[in-house]
Amino acid sequence: MTRWAMVADLRRCVGCQTCTASCKLTNATPPGVQWRKVLDIETGEYPDVRRTYVPVGCMHCDEPPCLDVCPSTATRKRADGIVTIDYDICIGCAYCAVACPYQARYKVTKRDFAYDRENTSEEAREDPKRMGVAQKCTFCVERIDFGLENGLTPGIDPDATPACVNSCIADALAFGDLDDPNSNVSRLLAENKSFRMHEELGTGPGFHYIWEERR
Amino acid sequence: MPRASTGESRKVPTFCYQCVAGPEIVEVKVENGVATEIAPRFEVADVHPGHGKVCVKAYGLIQKTYNPNRLKQPMKRTNPKKGKGEDPGFVPISWDEALDIVSGKLREIHAKGVVDESGYPRLASSLGGGGTPVAYAGTFPAFLAAWGAVDFSFGSGQGVKCTHSEHLYGEFWHKAFTVAPDTPRCDYVVSFGANTESSGGVCGVMRHSEARIRGLKRVQVEPHMSITGGCATEWVPIRPKTDAAFMMAMIHVILHENPLSRIDVPFLKERTSSPYLVAPNGFFMRDPESEKPLVWDLKTGAAAPFDTPGIDPAIEGEFKVSGVEIGADGKKWKHRAKACRTSHQVLKDHMAGNTPEWASSITDVPARTIRRIANEYLDHARIGETVVVNGRTLPLRPVAVALGKTVNNGWGGYEACWGRTVLACLVGALEVPGGTLGTTVRVNRSARDRRLSVSPGPDGFMHFPGNPTDKKGWVRNPDQRHAGRTLVPLSGNSGWSPALGPTHMGWMSQKDGEFPGLPRMTTPDIWFTFRTNPVISFWDTETMCDTVAKFPFIVSFSYTHDETNHFADVLLPECTDLESTQITRIGGTKFMEAFWEYQGFCLRQPIIEPQGDVRDMTWIMTQIASRTGLLEAYNTAINKGATCVPLKTKAYDFSLDVTKENSVEEIWDAACRAGSAELTDGKESDGIDYYRKHGLRVGDFPQINWYLTPTLIDQGLRYEIPYQERLLRMGQELGNRLHENGIEWWDTQLAEYKAIPDWHDIPGIWERAYEKSFGANMKDYPFWLMTSRSMQYSWGANSGIQLMHEVAENIAGHDGAIINAARARELGIADGDPIEVTGPSGQKVKGRAVLRQGIRPDTILMVAQFNHWATPLAKDFGVPSINKLVPMLLDLTDNTGSGADLVRVRLERGRVQ
């Protein structure tokens, strides 16, 4: 079996938003829609403060709350763990956006452009199917499927790897198969301390965070 | 997913050089002639220290290209009145008309002579910061070379928003225009505000990320917790502009609380001025015959010239010595049996009172913290250990001190840069693996390889090409309006020197008129601006508007309407990054932390058709050169190397016909061929097609080239530190020259030329200047307002790019001013509240409060540089900028001609709009 998962190394991430920008270009999301983004979080009180950069997005959960509430079966989970949305079936009720504890889903109801009018690149990349339906990070599923069809390894070969992982200038993001004990992500998690966000909710996120205590 | 491509789809390499950490190779996806995606260029991952990645700015290039706010045809001004409140009345014109207007004006000026009656160039030119615009300027430099004298005085932030003191002193001490830790081998860094994770580019971010995983500890000492501070092991909030006191206390701990055996005595003896004996007047004691500096030989118990074979120089102590002392302008003293201390002993005595307890009261950092950090630094230095690099055994000293902007420029910059370099030398960590390294070299030559800039100078030290201060050589009449070569010996006379300022004196010269004793101030007849917006990016921006409005004829190469070209007479819209052609150098060692094991050339190529009637800079400049009657000189400049590589050397010849208008393709194909030939000693001559396919061509640049100390060892040379006799002499001679010419307004700056610096009330310089200039009571201005670079915006001319704005808003401070949460609450200010910030000159900015814990209660932070009023999109941000509040004052100008980016302010809750 395969379980695709993302690992973010919080020791490495610098919050630069290169992944955010890369995702927006690769997936042609409109202004304000960020399937991938990085939070800039402070903890503690002056002068004992920590600042941490935390990449977030769809966690591709084992037990996705968004799937449970979907009345149209548009949201599904593949055998490899990727949670998908069928835009043809989605009725845009947005129950999923409310149910998601990670605030990872968006719904766009009117076309929006970077500037006051559509530019050439936006026109070329318009996707009417996304209008009025739920949308979110897909783990760049087309790239993964393309890679697998062409003998490539997701997480290793760039053409088969999510754009955010490819773009990361700190090598903070890793992607791979958790069911393969020798995969890059399995090794990272085996060798380091990690957590998952809102573990207590029982969603079983496919997004893991590596961290360590500082001084 | 987005609509599928139905036709042609290709991925094209090109370079991104939007910031000083570049260039890097980026891959652009083009579908049916439309640029759609940006991605890393993994094909170059093996040669690129950042594994082929590019930073967030590169992803904005598509919006930059298709931005509907672009100016897409030439324009001319119809309203002769210039002012912030005046509508320029720009109307579209043809390229023929635009070029005729510009070349007509140039011909008229050239006929009068390229310099005016005061000796100042009639033509002035400004480019954006960091030198990166040149990589987009095509053959503009060739035109300027063909023209003759050009004034570069009018900076966009150079001198005040760069690491200016580091540039000048770094080059003086170790050929280091910029300085960085040898991060891949370093174990412990004390960083005073060095914001590497924002401004270090892909190479810097990747190196530090790898190092953190390896176990690098970084202590970040800064008033606000920067992006980099967030990635550090520890944050130490320090009172602004007191960093030098912290470093002096570290030196105290090392010298007075640890035995001599814990420092690198052999390095100090052999590679520094530490053993040189200091005579009674502060200059070195010298051998009467050879006039070489003397040291005390422990073997013979007598003084000997520093380079006497077989001696063992004393590092500490005071000795009775006879000899001569040579001061400024050749003044000589003969001494008999005078007590002379070694330079190291002078240092040790000088630091005797600088205890951590002393520094604590100045820095607001607990003494135990300073002491612990000093000892941790020492503990990690691994003195005596070695490492083999490219077959050569070198010392391994994995500790470094890094400095950031505002720490290493303006008053206090000298003391901070000196402290950093002394801390490196005490443990033998200067320019060796693991230690503190220079990255770029700009004042010294060669600019391509720091090792080649090393040659013997006086007294066993390296040569430094400073501006002369002797009676015969001193530049009495400045060739730039900011008088850099006249006032600032350390700025040198390289191609970069005019940009090293003091550039705010260029602006002050226009505002205040005269600097008594210098030639009568004039305004340039014509001013070119390229990829720069000084009306926003410099200081005192309201006054900047009035100053620029007085310039009689301004030609702006333009992208969109902006705050500077608002005052222009002609707008020439140029092709942007994805539409134009140029090669530039890549690799080697470059700022900020770009240490490559390869170097070569990379190409920017047209990936899509130009949007509208915009033209390639090379085409524009060829036309202007031709219509101005300078075509032959322009082509000659290209042949000599104005395109970044000479087209003819002994090894190859791809020179162009100097009599014709060569096409953009012909010019850059020749440059590509010359680049290929340079990399292969003339064996290969691949032209532009090779670069179009691969993006770059490189040859080896071995790691050992990163380190300068091996070159000093080979040439038997030393670093002039911790005691700088040359600086003392330089300052005294400069003072003599200025006073001989009745110039006394630079006396405060002259006082900074010391052989060894000491702490003085550096923050107080600002407070006194505001009280003197504005009658401002500092009790009314209790906050220090500071700024910080933003990776999304810095250097990138990105303020009008929606994507950058959107993603930057995920990072605190991009939508307002950061204020300490508890202090804000005391003032009744909640997160998101409107605020008004007032500077000592009375200027005000408005914005929103961003409450954070990671900032001192006496500090406010405004990230990047906003406050636009003309640039489309950016003018609607409503985000305040420090620039409007910082006054330009001579009192706040240090001896290197630099100012620092901070100001005292008052904070009030604003009215809800």
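Here the protein sequences line up with chains R and C, keeping their order.
Count the first sequence with our numbering and you get residues 39 to 253, in order.
Count the second sequence with our numbering and you get residues 204 to 1116, in order.
We put the beta carbon where it would ideally sit given N, CA and C, even for glycine.
In the three-state scheme derived from DSSP, where H, G and I count as helix and E and B as strand, Tyr617/C is classed as helix. Closest in C-alpha terms to Met994/C, from the list Ser394/C, Arg623/C, Leu1092/C, Met1007/C, comes Met1007/C.
Under the DSSP assignment, Ser224/R falls in the alpha helix (DSSP H) whose first and last residues are 222 to 229. For Arg648/C, the CB contacts under 7 angstroms within the same chain, skipping 5 residues up- and downstream, are Ser656, Ser697 in chain order. In this structure, Leu899/C keeps its C-beta atom at 8 angstroms or more from the C-beta atom of Ala873/C. Here the C-alpha atom of Trp499/C lies approximately 41 angstroms from the C-alpha atom of Glu425/C. Against chain C, the CB of Tyr140/R has no partner CB under 8 angstroms away; the residue lies outside that interface. If the five residues before and after Ala531/C are omitted, its C-beta is found closer than 7 angstroms to the C-beta atoms of Arg932, Gln935, Glu936, Asn939, all from its own chain and listed in chain order. Fully contained in the stretch 979 to 1012 of chain C are the following alpha helix (DSSP H) runs of length 4 or more, in chain order: 1005 to 1011.
Bounds of the beta strand (DSSP E) holding Tyr91/R are 86 to 95.
The C-beta of Met428/C comes closer than 8 angstroms to at least one C-beta of chain R. In chain order, Val393, Arg623, Leu626 place their CB closer than 6 angstroms to the CB of Val604/C, counting only its own chain and leaving out the 5 sequence neighbours on each side. At least one C-beta of chain R is nearer than 8 angstroms to the C-beta of Ser412/C. In the structure shown, the three-state DSSP call for Glu80/R is strand. Note on geometry: alpha-carbon atoms of Pro813/C and Cys778/C lie some 6 angstroms from one another. Proximity of Val87/R to chain C, defined by a Cβ-Cβ separation below 8 angstroms, is satisfied. Within chain C, Leu1006 have C-beta atoms less than 7 angstroms from the C-beta of Lys62/R, given in sequence order. Take the alpha-carbon of Thr912/C and the one of Glu923/C: they are about 13 angstroms apart. Residues of chain C with a Cβ closer than 7 angstroms to the Cβ of Pro196/R are, in chain order, Phe245. Around Pro692/C, the same chain offers Gly669, Asn670, Pro671, Thr672, Met933, Leu937 as residues with beta carbons nearer than 8 angstroms, after the five sequence neighbours per side are excluded. When the Cα atoms are used, Gly1035/C and Glu1012/C turn out to be separated by approximately 14 angstroms. Under the three-state reduction of DSSP, Ser700/C is assigned to helix. The alpha-carbon of Asn680/C is positioned some 36 angstroms away from that of Gln221/C. Nearest to Pro508/C by alpha-carbon distance, out of Leu326/C, Pro598/C, Glu492/C, is Glu492/C. DSSP places Ser402/C within a helical segment (H, G or I) once states are collapsed to three. Cα atoms of Asn272/C and Asn157/R: separation of roughly 10 angstroms, rounded to the nearest angstrom.
In this model, Thr58/R and Pro93/R are separated by some 9 angstroms (Cα to Cα). Taking 8 angstroms as the cut-off, the Cβ atoms of Val237/C and Ala162/R count as close.
Rounded to whole angstroms, Val568/C and Val439/C show a C-alpha spacing of 7 angstroms. In the three-state DSSP reduction, Leu309/C falls in the helix class (H, G or I). Sixteen is the threshold: since fewer than 16 other Cβ atoms of the shown chains lie within 10 Å of the Cβ of Leu77/R, the residue is exposed. With distances taken between CA atoms, Phe213/R lies nearest to Arg181/R out of Val136/R, Gly130/R, Glu237/R, Arg181/R. With the criterion set as a beta carbon lying under 9 angstroms from some beta carbon of chain R, the members of the stretch 1035 to 1063 of chain C are Arg1055, Gln1056, Gly1057, Ile1058, Arg1059, Pro1060, in sequence order.
Only residues of its own chain outside the window of five on either side were considered, and among them Ser993, Tyr996 have a CB closer than 6 angstroms to the CB of Ala1067/C, listed in chain order. Taking the C-beta atoms as reference points, Ala152/R is found nearer than 8 angstroms to Gln266/C. Against chain C, the beta carbon of Ala137/R has no neighbour under 9 angstroms; the closest one sits roughly 24 angstroms away.
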